[in-house]
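Q:
Numbering (this note's numbering), first residue to last: 754 to 840.
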């Protein structure tokens, strides 16, 4: 996470207060989960400034580069709730 040429959390924080969901497996060989955890702490602060903590969700399944069925179903449920909101 410290080798990135920019602060990834700043890019993600720019999404605030838009809805954001990430599936970040802890044993992913393509992406180092430590970078996501670092971004989570910063993004949570940014979303809190907007009063939108419920709009950001981080999920860390205990697997490799995958989107396990239980996490996928939770993501679909979460998205369904987001899109059915009365704006």
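Beta carbons are placed, not taken as given, at the ideal position from N, Cα and C, and that holds for glycine. All values derive from a computational prediction rather than experimental measurement.
Just to confirm my understanding: we take residue 775, look at its own chain, exclude 5 residues before and 5 after, and list those with CB closer than 6 Å. What are they?
A: The residue given as residue 775 occupies position 22 in the chain shown. The residues are 811.
Q: Indicate whether the contact test is met: 3 or more Cβ pairs, each with one atom in the stretch 819-838 and one in the stretch 774-788, closer than 8 Å.
A: Judged by Cβ distances under 8 Å, the stretch 819-838 makes contact with the stretch 774-788, as three or more pairs qualify.
Q: Closer than 7 Å to a non-hydrogen atom of the ligand MG - does that hold for the CB of residue 838?
A: Within the structure as shown, the ligand MG is missing, as the structure has no ligands at all.
Q: Select from 769, 787, 832 the residue whose C-alpha is nearest the C-alpha of residue 800.
A: Against the chain shown, residue 800 aligns to sequence position 47. Comparing Cα-Cα distances from residue 800 to each of 769, 787, 832, the minimum goes to 769.
Q: Who are residue 809's beta bridge partners in DSSP?
A: For the purposes of this step, residue 809 is taken as the residue at position 56 of the chain shown. Per DSSP, 773.
Q: Helix, strand or coil for residue 802 per DSSP?
A: Here the question's residue 802 lines up with position 49 in the chain shown. Helix at residue 802.
Q: Quick one: measure Cβ to Cβ for residue 773 and residue 808, integer angstroms, because I've assumed they're closer than 8 Å.
A: In the chain shown, the residue the question calls residue 773 occupies position 20. In the chain shown, the residue the question calls residue 808 occupies position 55. With 8 Å as the limit, residue 773 and residue 808 qualify as a contact, their Cβ atoms being about 7 Å apart.
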